[in-house]
Amino acid sequence: MAANEGVSHSTQESESNMLGLRAVLVGATGSIGECLLGEVLASKNFSKVIVLGRRDATAPSSYQVDQKVEESSGRLEQHKIDFETLSKETVGQYFTDKDVFFCTLGSTRKQAGSANNFRHIDYDYVVNCANVAKECEVKSMVYVSSYGANPNSMLLYTEVKGKVEEALKKLQFPHTTIYRPGLLSRGDKARFVEKIYAWFVSSIPVATVAKAMRVEVEGHFSSKQTTGASAQARTLFNSDIYKLAEEK
Numbered sequence: 001m002a003a004n005e006g007v008s009h010s011t012q013e014s015e016s017n018m019l020g021l022r023a024v025l026v027g028a029t030g031s032i033g034e035c036l037l038g039e040v041l042a043s044k045n046f047s048k049v050i051v052l053g054r055r056d057a058t059a060p061s062s063y064q065v066d067q068k069v070e071e072s073s074g075r076l077e078q079h080k081i082d083f084e085t086l087s088k089e090t091v092g093q094y095f096t097d098k099d100v101f102f103c104t105l106g107s108t109r110k111q112a113g114s115a116n117n118f119r120h121i122d123y124d125y126v127v128n129c130a131n132v133a134k135e136c137e138v139k140s141m142v143y144v145s146s147y148g149a150n151p152n153s154m155l156l157y158t159e160v161k162g163k164v165e166e167a168l169k170k171l172q173f174p175h176t177t178i179y180r181p182g183l184l185s186r187g188d189k190a191r192f193v194e195k196i197y198a199w200f201v202s203s204i205p206v207a208t209v210a211k212a213m214r215v216e217v218e219g220h221f222s223s224k225q226t227t228g229a230s231a232q233a234r235t236l237f238n239s240d241i242y243k244l245a246e247e248k
């Protein structure tokens, strides 16, 4: 009897130590996003996961999460949204009372079809979502940018990423983390240019970036320093990402 009571006490203590984080994910159908979905669903520190997108996302099988069970329990919700009509009125309900907004949304000029379309997707969609998150008082903003991001860049891709970073910093979330990974290793989903560069430059696995994102947020909220936290954005590069991913 005493042994059972000990197990019960241990279980209750373990549950009380869980963070109970409520997260919103946008971009969860992408290479990093789907891994991030697996990370947060596999973590006991996330009590609610909202996925917003044009279609449902699926975590890689390597994470061994049963999404049907997670959806039936209500822990995971997936909602299809219209990115052209983003506002607090249309999607605010999904951001209300949430702790963290993870954004891994991103495209390429080729995928978007034109430079204007690329800007519209990678800048407008991301910043509009962030504006709603800020209006709904989400505490933490986590965004995947790109190595070389610079608002004054001559290259469209890094210029747009740099301008997104500037816009997110101006919103001054209590906690903002911007990831600037280098060449990404997406496995069989690698883009043509990435395959070429991989012959000359070392790459970082998308799963490593996703794990770092989850670990960094858990560390922030477990530090119990979220009240009155600095609005200074934190920018992480490959070395920072690898260091975080070494943690549990």
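With the UniProt record's numbering, letter number 170 in the sequence shown gets 170, and the count goes up by one each step, no holes. The beta-carbon is built from N, C-alpha and C at its ideal position, and this holds for glycine as well. Bear in mind that the values here come from a model prediction, so they are computed numbers and not experimental data.
Ranked by how close their Cα comes to the Cα of G92, the residues R109, D56, K68 and A130 have A130 in first place. The secondary-structure analysis by DSSP pairs T235 across a beta bridge with I178. Three or more beta-carbon pairs separated by less than 8 Å link the segment 130–145 to the segment 171–181, which places the two stretches in contact. The three-state secondary structure of I204, taken from DSSP, is strand. For T158, the CB contacts under 7 Å within the same chain, skipping 5 residues up- and downstream, are S146, G148, A149 and N150 in chain order.
Pairing V206 with V164 gives a Cβ-Cβ distance that is not under 8 Å. Scanning its chain for C-beta atoms nearer than 7 Å, with the 5 sequence neighbours on each side dropped, one finds around R22 the residues S47, K48, D97, K98 and D99, in chain order. Listed in chain order, the beta strand (DSSP E) runs fully inside the segment 87–137 are 100–103, counting runs of at least 3 residues. In the same chain as I241, and ignoring 5 residues on each side of it, the C-beta atoms closer than 7 Å to its own belong to Y179, P181, I204, T208, V209 and A212, in chain order. For C103 and K169, the gap between their C-alpha atoms comes out near 14 Å. Contact annotation: R214 and E39 have beta-carbon atoms nearer than 8 Å.
In the pairwise beta carbon analysis, the segment 50–68 is classified as touching the segment 76–85: at least three pairs are separated by under 8 Å.
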